[in-house]
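Colleague: Sequential numbering from 178 applies to the sequence shown in the numbering used here.
Heads up, the beta-carbon is just placed ideally off N, CA and C, and yes, glycines get one too.
Please find one structure pasted underneath; my questions will follow.
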Amino acid sequence: MAPAPWDSVPDNETYCVLVTGANSGIGFGIAERVIDEYLSTRSLSSHIIVIPTTRSARKSAETVLGLRRHAKEFAETSELLKSRAGPDYDPRDTTRRIHILSVQLDLCDLLTVRSAAEKLINGTLTSPDGDTDYFTPLVDVKIPRLDSVIFNAGIGGFTGLAWSKIASDFLFNGFISATTWPTFKAATAGATVAPIPSQPSAQVGEVFCANVFGHYLFVHALLPLLTRPAATAHLPPARIIWESSVEGEWSSLSLSDIQGIKTPHAYESSKRLTDILCLTAALPASQPYVSSYLNTSASSEKSTPPRIYIVHPGVVQTTLFPLNAFMFFWYRVILYLARWFGSPWHGITAYNGAAAPVWIALQEQASLDAAQAERSKWGSATDRAGNPRVKKTEVEGWGWEGRVVGKEEEAELKGVARRMIGRKNNAVDLTEERRIEFEALGAECWKEMEELRVEWEARMDGGQ
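Given below as structure tokens:
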């Protein structure tokens, strides 16, 4: 095992973040933005380790090289970095503190989930050759810990447009609503996958596995890197940052459909499930299952488990929804129109969509605690000019913070932070009864997810 550049740096001067599905789209934007914002806000001696996951070695190499190009351009052009470093600024001093490594991960193949975690915990990583003048070569280096994991990877399961619904959606719901919470995306029910290839008869919903369950098992396998032992208690807790959707909170969820096999709205249900799990993770009713999941019941009192947060990227133009080139162009035009008409959720670019995930990843822990950040769903928002913001998002049955909010409190908020800005037309005000139901549903979901985890880990171990 070779020494790593960060081995001689104090651990509070290093930061290690993993982003799933980072070879393109929002995941790549998250990796770009976390580099830029970390370098802009941390000391000039601090190091950042970025680990994008992809599904193939070729994509990993391409992603690392692409992120290096971005980091080099940022280091050479950032006026902020130049002003902070002074007249003798050399961009190579900056890029040599950026370390990009990658592992392969297929969330629909649970054996690769386990092997990726094993490689990160007990193995070593090597980065592609090239541009050694700007980037320090990394050969067989070991990851010291994970400070944040951002779960971006996923699939939509969409097949196209339901043309019969388009006109009615725009006519009855309005332009902004139809472009933010569309009902005209077509999908088929029943798509399944065998997440252990050697056991083809054992199936789960494909979208559920890619968007939720693969990540869920990945966290449990990564706990040695995410749990802070007593020796590193001076560091903030690691952060598990789940990426949801601006629209997921409005779909219904039946526990019988939790694996996403029967519903034609598998994508929306997977995001709804993600919201429920994250927002109830710290609540008393869920604690028996969350403690089992994070191994806190058996761990030392001095160890610190990771914290769980939920974010969404707003509305971003990606290839998640299948459109031909002609429709893709006009889709982009429509998204810009929605922003100009006042929607806060149309960030459109992947870099804008990365605002909320990166904000949660890099914010000081004291600030997150003061904001009770684990109780809200944080969305990437923009103003009409496209300037990024981070905004709390209403979740059906939970509200904005898991409490009933009075009108007088809303009156104190200004600008895009106002809760009514970006609220769905037919949203229902939270009541204490609905909040209690949401908390109970969260505990049920955690219970079932833990049962599924135990079942599938036994399958991987050959127990079934």
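#1: Would you tell me roughly how many angstroms separate the C-alpha atoms of L500 and G337, rounded to the nearest one?
#2: For A366, tell me which candidate among H523, S468, V381, W536 has the shortest Cα-Cα distance.
#3: Would you mind reading off the limits of the alpha helix (DSSP H) that contains V211?
#4: For a minimum of 3 consecutive residues, which ranges assigned as the beta strand (DSSP E) are wholly contained in the stretch 531 to 562?
#5: V488 to D638, Cα distance in whole Å?
#6: A558 and R566: beta carbons closer than 7 Å?
#7: Can you name the start and end residues of the beta strand (DSSP E) that P229 belongs to?
#8: Relative to the C-alpha of R273, which candidate in L284, L288, L323, L221 has its C-alpha closest?
#9: Nearest to S568 by CA position, among W575, R596, G574, is which residue?
#10: Three or more C-beta pairs under 8 Å: does that hold for the stretch 315 to 335 against the stretch 294 to 303?
#11: Enumerate in chain order the residues of its own chain whose CB-to-CB distance from T481 is below 6 Å, with the five nearest sequence positions on each side excluded.
#12: Apart from the five residues on each side of it in sequence, which residues of its chain come closer than 7 Å, Cβ to Cβ, to Y393?
#13: With a CB to CB cut of under 6 Å and the five nearest residues on each side skipped, what residues in its chain are close to R232?
#14: So, with DSSP's three-state summary, where would you put K362?
#15: Could you check the C-alpha separation between I203 and L618 for me, to the nearest Å?
#16: Between I327 and P182, is the Cβ-Cβ spacing less than 7 Å?
#17: Is it true that the CB of P268 sits closer than 7 Å to the CB of E253?
#18: Give the DSSP-derived three-state secondary structure of I418 in the structure shown.
#19: T336 lies in the alpha helix (DSSP H); which residues open and close that run?
#20: Using the Cα positions of D213 and P465, report the straight-line distance between them to the nearest angstrom.
#21: Assign P461 to buried or exposed, taking buried as 16 or more other Cβ atoms, counted over all protein chains shown, within 10 Å of its Cβ.
#22: Once the 5 residues before and after L257 are set aside, which same chain residues still bring their CB inside 7 Å of it?
#23: What's the call for D308, buried or exposed, on a 16-neighbour Cβ count within 10 Å?
#24: Please list the terminal residues of the continuous alpha helix (DSSP H) segment that includes S237.
Modeller: According to the data block:
#1: Translated into the one-based positions of the sequence shown, residue 500 becomes position 323. Translated into the one-based positions of the sequence shown, residue 337 becomes position 160. Those two C-alpha atoms are separated by around 7 Å.
#2: As a first step, residue 366 is located in the sequence shown; it is residue number 189 there, counting from the start. Comparing Cα-Cα distances from A366 to each of H523, S468, V381, W536, the minimum goes to V381.
#3: In the sequence shown, counting from the first residue as 1, residue 211 sits at position 34. From DSSP, the alpha helix (DSSP H) with V211 extends over 202 to 218.
#4: 554 to 559
#5: Taking the sequence shown and counting its residues from 1, one reaches residue 488 at position 311. Taking the sequence shown and counting its residues from 1, one reaches residue 638 at position 461. Between V488 and D638, the C-alpha separation is close to 33 Å.
#6: Counting from one through the sequence shown, the residue named residue 558 turns up at place 381. Counting from one through the sequence shown, the residue named residue 566 turns up at place 389. Going by C-beta atoms, A558 is nearer than 7 Å to R566.
#7: Counting from one through the sequence shown, the residue named residue 229 turns up at place 52. Here the beta strand (DSSP E) through P229 covers 224 to 231.
#8: Along the sequence shown, one-based indexing puts residue 273 at 96. The candidate whose alpha carbon is nearest that of R273 is L221.
#9: The residue labelled residue 568 in the question sits at position 391 within the sequence shown. Strictly speaking, residue 568 in this sequence is Lys, with Ser absent from that position. Of W575, R596, G574, the residue nearest in Cα terms is R596.
#10: yes
#11: Position 304 of the sequence shown, counted from the first residue, corresponds to residue 481. The answer, listed in chain order, is R405, P414.
#12: Here residue 393 is taken as the residue at index 216 of the sequence shown, counted from 1. Hits under 7 Å: M626, R630.
#13: Numbered from its first residue, the sequence shown carries residue 232 at position 55. Around R232: D283.
#14: Here residue 362 refers to the residue found at position 185 of the sequence shown. Strand, per DSSP.
#15: Residue mapping note: residue 203 aligns to position 26 of the sequence shown, counting from 1. Residue mapping note: residue 618 aligns to position 441 of the sequence shown, counting from 1. Taking the straight line joining both Cα atoms gives about 30 Å.
#16: For the purposes of this step, residue 327 is taken as residue 150 along the sequence shown, with counting starting at 1. For the purposes of this step, residue 182 is taken as residue 5 along the sequence shown, with counting starting at 1. Not closer than 7 Å, so no.
#17: Here residue 253 corresponds to residue number 76 of the sequence shown, with the count starting at 1. Here residue 268 corresponds to residue number 91 of the sequence shown, with the count starting at 1. Yes. Within cutoff.
#18: Against the sequence shown, residue 418 aligns to sequence position 241. Three-state result, I418: strand.
#19: In the sequence shown, counting from the first residue as 1, residue 336 sits at position 159. First-last for T336: 335 to 338, but that is the beta strand (DSSP E), not the alpha helix (DSSP H).
#20: Looking up residue 213 in the sequence shown gives position 36. Looking up residue 465 in the sequence shown gives position 288. Straight-line Cα distance between these residues: approximately 39 Å.
#21: Position 284 of the sequence shown, counted from the start, is the residue given in the question as residue 461. Exposed: under 16 other Cβ atoms inside 10 Å.
#22: Here residue 257 refers to the residue found at position 80 when the sequence shown is read from its first residue. Cβ within range, chain order: S217.
#23: The residue you call residue 308 lines up with position 131 of the sequence shown. Classification of D308: exposed, given that the 10 Å Cβ count is below 16.
#24: If you number the sequence shown from 1, residue 237 lands on position 60. Unbroken alpha helix (DSSP H) run through S237: 234 to 254.
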